[in-house]
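Asker:
Residue numbers (the UniProt record's numbering): 1 to 644.
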């Protein structure tokens, strides 16, 4: 008789088992604890589901009534826990098994009621499972098998205490299956403490890392990263893809860009609630969305069907991140592509990542616009709609269409309508091309004016610019160079604004109070350029090389903004350093009731505190107060450091 698990595998299209599935289902290991090293995407969820079946069911074809859990599966993240629950649900569907979940972020009351109704297999995260055990809603006294999936990740996330608590609560005679990408010393210590003569299984050495994944390093121009991502998604049209970024801000930006291009896109990042993350993944699974933009929170545990393309918009920080991101595709024998977007500044980092991960990648460029348009034609010709038999209504419409248009016109219209549903591909620059320089437009004919303020008056280009625009009725693009000199400032104005600027000047050539302007007959002879640079609005601002000196003369007459402020407040004078030898004694102000010159209320000098030539300022305060604060409660105990 065919077992119900074998029937479920056949319905899912499993022709043969993966190496890890074959290893853990060896009949000789039916009663043994297992310590398994397996890479992500190797089919280990189905593997341990098959491995624990003899322990849970024996020779029976169906499960008994649901009561206390017979098996417990512990996963590091909510996404992985839900994925494991879905896999085990279809695998055990024909056995009548009830599979339930206990994960953080979900309603604990609903989980408690599900456990009260009974469950054969419980899948959960360490923290939530520990809470249920402590509250008495999860009883593991009948558990026959415990599976730790991605044990290395759980230890990295700080779940050691929860794992030890869960394993200590389970019966000693249980089977313990521990799955981990690597067997580090902490994993070995955990296995030694909670497993009994575990059999070691290693499926990592038989094949290269992610043999079903084709790695591509996509060389792009300095400003073409996003354009390359759009072209990759267009070229692989019709396939599900996940785009990884390193920050939430980058995820939100990419999501907006791709959404504006008409792509069906969802977001997956740590700021989303569990409900929002579940809805995003469900949209990918049922085809309502084709692209998922995610941070590394999605790098582990999620299994999206038909995910053919992984794009690293930002390079991962280490090789582990690269492998786990890429492991979302090429799962269980399916082929996939992992594409790294590599601008010139990130080339060395990409080479190191691939070298440390022992991955050979194809260095190539992003698909060009003509490649994508040619791919559109191939996809249209291969569409299965051409093989369908037309209905009567469709045939009637085809005859009317042929009567009005030639076959060539109809075919061309078909192609145009097909491409109209897609976003247009991007034109890419060569990967080794430099970012185009921003050419300045020629300023054109101009006239120079001299202003009556300079460095000595603390004039600065940053407040002269708005002053000129406001008082001279000039737009920013009408002002060219502003050269601040020692006693005056030279300003270049576009010829189109000269007449209006002269009209704005008063009869005495005054632009504003304290600032006069006069037109020059020829460009001024200026000192060599100094530290200045192009400021906001003008073509270039430049100060002379003369060092600025602190102001010693009277305040400027004009209303110069203070600290670059355009509010029109007078500039703040710098105080001269205090010199006791030459500073005159300030006059006593009787109305002030005292003065800062050291005199008392009646003009008598005060004695300096702590000075040997003056009167003592009073009794010195003790370090510790003799009186305790509050009401005395008894004799005061001597200080710990006091002599007895």
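Beta carbons are placed, not taken as given, at the ideal position from N, Cα and C, and that holds for glycine.
Counting along the chain, where does the alpha helix (DSSP H) carrying residue 70 start and finish?
Answerer: Taking the first residue of the chain shown as 1, we reach residue 70 at position 70. For residue 70, there is no enclosing alpha helix (DSSP H), as DSSP marks it with neither H nor E.
Asker: Could you pull out every residue in the same chain whose Cβ sits closer than 7 Å to the Cβ of residue 202, ignoring the five residues on either side in sequence?
Answerer: If you number the chain shown from 1, residue 202 lands on position 202. Contacts found: 37.
Asker: Would you identify the three-state DSSP class for residue 3, choosing helix, strand or coil?
Answerer: Walking along the chain shown from the start, residue 3 turns up at place 3. Three-state result, residue 3: coil.
Asker: Which whole runs of the alpha helix (DSSP H) in the stretch 368-440 are 4 residues long or more, in chain order?
Answerer: 369-381, 392-404 and 407-420
Asker: Between which two residues does the alpha helix (DSSP H) harbouring residue 103 extend?
Answerer: Locating residue 103 in the chain shown gives position 103, counting from the first residue. Careful: residue 103 lies outside any alpha helix (DSSP H) and carries neither H nor E.
Asker: Unbroken alpha helix (DSSP H) runs of length 4 or more, entirely within the UniProt domain "Helicase C-terminal" (224-373): which are they?
Answerer: 225-235, 248-260, 274-285, 319-326 and 347-356
Asker: Below 8 Å CB to CB, which residues in the same chain sit around residue 285 once its five sequence neighbours on both sides are set aside?
Answerer: By one-based count along the chain shown, residue 285 stands at place 285. Closer than 8 Å at the Cβ level, and outside the excluded window around residue 285, lie 304 and 305.
Asker: Okay, do the stretch 370-377 and the stretch 345-353 touch, 3+ Cβ pairs below 8 Å being the bar?
Answerer: no
Asker: For the beta strand (DSSP E) that residue 492 lies in, which residues bound it at each end?
Answerer: The sequence position of residue 492 within the chain shown is 492, counting from 1. DSSP places residue 492 in the uninterrupted beta strand (DSSP E) bounded by 489-494.
Asker: Spatial neighbours of residue 322 within its chain, please: CB distance less than 7 Å, with the 5 preceding and 5 following residues excluded, ordered by chain position.
Answerer: One-based indexing of the chain shown puts residue 322 at position 322. By the criterion of a C-beta distance shorter than 7 Å, residue 322 is surrounded in its chain by 316, 353 and 357, once the five residues flanking it on both sides are discounted.
Asker: Mark residue 733 as exposed unless 16 or more other C-beta atoms lie within 10 angstroms of its C-beta, in which case mark it buried.
Answerer: The first residue shown for the chain is 1 and the last is 644, placing residue 733 beyond what the model contains.
Asker: With residue 74 and residue 124 assumed to form a contact (beta carbons below 8 Å), what rounded beta-carbon distance in angstroms separates them?
Answerer: By one-based count along the chain shown, residue 74 stands at place 74. By one-based count along the chain shown, residue 124 stands at place 124. The Cβ separation is near 7 Å, so the contact holds.
Asker: On a CA-only basis, which of 486, 495, 485 and 488 is nearest residue 479? Give me that one, please.
Answerer: For the purposes of this step, residue 479 is taken as residue 479 along the chain shown, with counting starting at 1. Looking at the Cα atoms, 495 is the closest of the given residues.
Asker: Output the boundary residues of the beta strand (DSSP E) element that contains residue 146.
Answerer: Along the chain shown, one-based indexing puts residue 146 at 146. That run of the beta strand (DSSP E) goes 145-148.
Asker: Exposed or buried, which one is residue 470 when buried takes at least 16 other CB atoms within 10 Å?
Answerer: As a working mapping, residue 470 is identified with position 470 in the chain shown. Per the 10 Å Cβ criterion, exposed.
Asker: Please classify residue 421 as buried or exposed, where buried requires at least 16 neighbouring CB atoms within 10 angstroms.
Answerer: In the chain shown, counting from the first residue as 1, residue 421 sits at position 421. Label assigned to residue 421: exposed.
Asker: For my contact list, residue 34 and residue 177 are in at a C-beta cut-off of 8 Å; report their separation, rounded to the angstrom.
Answerer: Taking the chain shown and counting its residues from 1, the one referred to as residue 34 is at position 34. Taking the chain shown and counting its residues from 1, the one referred to as residue 177 is at position 177. The Cβ separation is near 5 Å, so the contact holds.
Asker: Going by DSSP, name the residue or residues bridged to residue 449.
Answerer: Walking along the chain shown from the start, residue 449 turns up at place 449. Residue 449 is bridged to 491 and 519.
Asker: Taking DSSP's pairing of strands, which residues face residue 213 in a bridge?
Answerer: By 1-based counting over the chain shown, the position of residue 213 is 213. According to DSSP, residue 213 bridges with 336.
Asker: Distance, Cα to Cα, residue 549 vs residue 453?
Answerer: Taking the chain shown and counting its residues from 1, one reaches residue 549 at position 549. Taking the chain shown and counting its residues from 1, one reaches residue 453 at position 453. Annotation note: pLDDT 48 at residue 549 (below 50); position unreliable, coordinate value reported separately. If you take the alpha carbons of residue 549 and residue 453, they lie about 15 Å apart.
Asker: Which one of 82, 5, 487 and 32 has the shortest CA to CA distance from residue 274?
Answerer: Counted from its first residue, the chain shown places residue 274 at position 274. When each option's Cα is compared against that of residue 274, the closest is 82.
Asker: Does residue 31 pass the burial test, meaning 16 or more other C-beta atoms within 10 Å, or should it be called exposed?
Answerer: As a working mapping, residue 31 is identified with position 31 in the chain shown. It counts as exposed.
Asker: Residue 455: buried (16+ other C-beta within 10 angstroms of its C-beta) or exposed?
Answerer: By one-based count along the chain shown, residue 455 stands at place 455. When all chains shown are included, residue 455 counts as buried.
Asker: Taking residue 150 as the reference, which of 180, 163 and 157 has the closest Cα?
Answerer: Locating residue 150 in the chain shown gives position 150, counting from the first residue. Cα-wise, what sits closest to residue 150 is 180.
Asker: Can you check which of these residues, 255, 289, 136 and 184, is closest to residue 154 by C-alpha distance?
Answerer: Residue 154 sits at position 154 when you count from the first residue of the chain shown. Comparing Cα positions, the closest option is 184.
Asker: Would you kindly work out how many angstroms separate the C-alpha atoms of residue 52 and residue 220, rounded to a whole number?
Answerer: Numbered from 1 along the chain shown, position 52 holds the residue referred to as residue 52. Numbered from 1 along the chain shown, position 220 holds the residue referred to as residue 220. In a straight line, the C-alpha of residue 52 is about 49 Å away from that of residue 220.
Asker: Suppose contacts are defined by Cβ-Cβ distances below 8 Å. Is residue 251 in contact with residue 283 by that definition?
Answerer: Here residue 251 is taken as the residue at index 251 of the chain shown, counted from 1. Here residue 283 is taken as the residue at index 283 of the chain shown, counted from 1. No, Cβ-Cβ distance for residue 251 and residue 283 is not below 8 Å.
Asker: Do the stretch 110-122 and the stretch 160-176 meet, that is, are 3 or more Cβ pairs less than 8 Å apart?
Answerer: Touching, no, given that fewer than three Cβ pairs across the two stretches are closer than 8 Å.
Asker: Can you list, in chain order, the residues of its chain with a C-beta nearer than 7 Å to that of residue 497? Leave out the 5 residues immediately preceding and following it.
Answerer: Position 497 of the chain shown holds residue 497. Hits under 7 Å: 474 and 478.
Asker: For residue 91 and residue 16, I'd like the C-alpha separation in whole angstroms.
Answerer: By 1-based counting over the chain shown, the position of residue 91 is 91. By 1-based counting over the chain shown, the position of residue 16 is 16. Looking at the two C-alpha atoms, the distance is approximately 15 Å.
Asker: Expressed to the nearest angstrom, what Euclidean distance is found between the alpha-carbon atoms of residue 195 and residue 141?
Answerer: Locating residue 195 in the chain shown gives position 195, counting from the first residue. Locating residue 141 in the chain shown gives position 141, counting from the first residue. Straight-line Cα distance between these residues: approximately 17 Å.
Asker: Residue 20 by DSSP, collapsed to three states: which one?
Answerer: By 1-based counting over the chain shown, the position of residue 20 is 20. Of the three classes helix, strand and coil, the one that applies to residue 20 here is helix, per DSSP.
Asker: My output table needs one value for residue 498: the three-state DSSP class, helix, strand or coil.
Answerer: As a first step, residue 498 must be located in the chain shown, where it is residue number 498. Three-state result, residue 498: helix.
Asker: Expressed to the nearest angstrom, what Euclidean distance is found between the alpha-carbon atoms of residue 157 and residue 19?
Answerer: As a working note, residue 157 is residue 157 in the chain shown. As a working note, residue 19 is residue 19 in the chain shown. Rounded to whole angstroms, residue 157 to residue 19 spans 28 Å at the Cα level.
Asker: Below 8 Å on the Cβ atoms is my guess for residue 224 versus residue 428; work out the distance and round it to an integer in Å.
Answerer: Taking the first residue of the chain shown as position 1, residue 224 is located at position 224. Taking the first residue of the chain shown as position 1, residue 428 is located at position 428. Here residue 224 really is in contact with residue 428; their C-beta atoms are around 5 Å apart, less than 8 Å.
Asker: When burial is assigned at 16 or more other CB atoms within 10 Å of the CB, is residue 414 buried or exposed?
Answerer: Along the chain shown, read from residue 1 onward, the residue named residue 414 stands at position 414. Residue 414 is exposed by the Cβ-count criterion.
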